[in-house]
Amino acid sequence: MITVNGENHEGFEGKTLSELLCGLGYKEAYIATELNGNIVKKDSYRTVVLKEGDSLEVVNFVGGG
Amino acid sequence: MIPSREEMERVLTERHTRPVYDKLKGARVAIAGLGGLGSNIAVSLTRAGVGELMLVDFDRVELSNLNRQQYEISDLGKYKTEALAQRLARIDPYIKLSYKTVKVTAENASELFGSFGIVCEAFDRADMKAMLINTLLEQCPDTVIVSGSGMAGHLSSNTIKTRHVLERLYICGDEVTDSSAVNGLMAPRVAICANHQANMVIRLILEEREV
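If you read the sequences in order, they're chains E and V.
If you use our numbering, the first sequence corresponds to residues 16 to 80, in order.
If you use our numbering, the second sequence corresponds to residues 412 to 622, in order.
Written out as C-alpha cells, the structure reads:
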C-alpha cells in the first residue's frame, strides 16, 4: 500500500513514480512531489521505484495569476 | 511633500509595535511574476513595512491586465518591473527595491532567488509555477516558497485557503479553479489569493510557520 496525499492506493508497489502519476491522472508538467518527505527531482520520476509503505505528496498547480 | 523616514517609521512602529516593525523592516522577499498575484503581494508587503523587495517579470503592462493588476492606464507599455517599482516607491519612498526584467527559467531561477529566504511564486501558467517550485526545492535549500494556485472566477471567497503542503512550500488558493475562457480572472479573488500569500509571508517573517 502506498499513501498519496493521505489516501491509500494499492497496486503501485514496484512501479515507477511516473507510472503512479500517470495512473492517477497527474500531468508531470504541472506538479511537484515529495516522497517520504524529500523532494523528487523531475528527471527521477521514471527511475524512482515505489515500495510498500511509501508516502507521497503530490502538489498539482492550476493556471491563473 | 514626502514624509521623512523617521515620520513613516514612527507611524508604522505605533501600529505594529517595535519588535514587529524591526523584523518586517529587516526582511527581504522576492516576488516571481508581477501580474494579478505578484503586483498585489508587492503592494501589501510594501504597505506592511517589509524592508526589501526583489521583483522579477519579463513582461510589459497591457490593457488586459488592468482588470486585476496594480497598474493603471499611464503604465501601458511599460515593463511591469519598472511600473510596479515606481508605484511601490510612491507608497514607501524608503523601501529597498531591486528588479530584474528577465524570464525565469529552470537555468536562472536559483541564481535569481537562491539568496532569498522567502520567495513568492506569482506566475500565471501552471507549468511555470511547477517549474519554479521544483527548481527552488531542488536547488535552493534555504528558500521557503509561498505559491498561488486556483483563484479564477467569482466562486465563494471562502474556498481560497493557505496550506502548508510540503516542508518548504505553502500554497494559497482553491488549488482547483484554472483560468479559462469561461472562468476568467477577476480582481477580487485574485487579490484575496495574493493577500493570503502576503499574509503568509508576514507570518514567516515573524517566525510563525503555521498557516
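Note that CB positions come from ideal geometry on N, CA and C, so glycine has one too.
Whether residue i touches residue j by CB criterion (8 Å)
| i | j | result |
| --- | --- | --- |
| residue 446 (chain V) | residue 476 (chain V) | yes |
| residue 494 (chain V) | residue 472 (chain V) | yes |
| residue 464 (chain V) | residue 440 (chain V) | yes |
| residue 638 (chain V) | residue 600 (chain V) | Residue coverage of chain V in this structure runs from 412 to 622, which leaves residue 638 (chain V) outside it and unanswerable. |
| residue 80 (chain E) | residue 444 (chain V) | yes |
| residue 66 (chain E) | residue 25 (chain E) | no |
| residue 577 (chain V) | residue 77 (chain E) | no |
| residue 533 (chain V) | residue 559 (chain V) | yes |
| residue 605 (chain V) | residue 588 (chain V) | no |
| residue 481 (chain V) | residue 557 (chain V) | no |
| residue 63 (chain E) | residue 32 (chain E) | yes |
| residue 622 (chain V) | residue 574 (chain V) | yes |
| residue 508 (chain V) | residue 500 (chain V) | yes |
| residue 50 (chain E) | residue 71 (chain E) | yes |
| residue 517 (chain V) | residue 539 (chain V) | no |
| residue 54 (chain E) | residue 548 (chain V) | yes |
Residues that DSSP places opposite residue i in a beta bridge
| i | result |
| --- | --- |
| residue 575 (chain V) | V:581 |
| residue 531 (chain V) | V:442 and V:557 |
| residue 511 (chain V) | V:467 |
Anticipated Cβ contact below 8 Å, residue i with residue j, distance rounded
| i | j | result |
| --- | --- | --- |
| residue 47 (chain E) | residue 545 (chain V) | 5 Å |
| residue 554 (chain V) | residue 584 (chain V) | With a Cβ gap of about 20 Å, residue 554 (chain V) and residue 584 (chain V) do not count as contacting. |
| residue 491 (chain V) | residue 468 (chain V) | 4 Å |
| residue 419 (chain V) | residue 503 (chain V) | 7 Å |
| residue 506 (chain V) | residue 449 (chain V) | So it is not a contact: roughly 15 Å between Cβ atoms. |
| residue 590 (chain V) | residue 550 (chain V) | Not really, about 28 Å apart at Cβ, beyond 8 Å. |
Residue i burial status per 10 Å Cβ neighbour count (16 or more: buried)
| i | result |
| --- | --- |
| residue 58 (chain E) | exposed |
| residue 567 (chain V) | exposed |
| residue 451 (chain V) | buried |
| residue 455 (chain V) | buried |
| residue 569 (chain V) | exposed |
| residue 530 (chain V) | buried |
| residue 412 (chain V) | exposed |
| residue 616 (chain V) | buried |
| residue 19 (chain E) | buried |
| residue 436 (chain V) | buried |
| residue 457 (chain V) | buried |
8 Å Cβ cutoff, residue i in contact with chain A
| i | result |
| --- | --- |
| residue 567 (chain V) | In the structure shown, chain A does not exist; the protein chains are E and V. |
*Pull out every residue of the stretch 539-561 of chain V whose Cβ sits closer than 7 Å to any Cβ of chain E, in chain order.*
540, 541, 544, 545, 548, 549, 559, 560 and 561
*Interface positions of the stretch 39-55 of chain E facing chain V (Cβ-Cβ less than 8 Å), listed along the chain*: 44, 45, 46, 47, 49, 52 and 54
*Just by C-beta distance, which residues in the stretch 53-76 of chain E are closer than 8 Å to chain V?*
54, 56, 57, 72, 74, 75 and 76
*Note down, in chain order, all residues in the stretch 19-36 of chain E with a beta-carbon under 8 Å from any beta-carbon belonging to chain V.*
none
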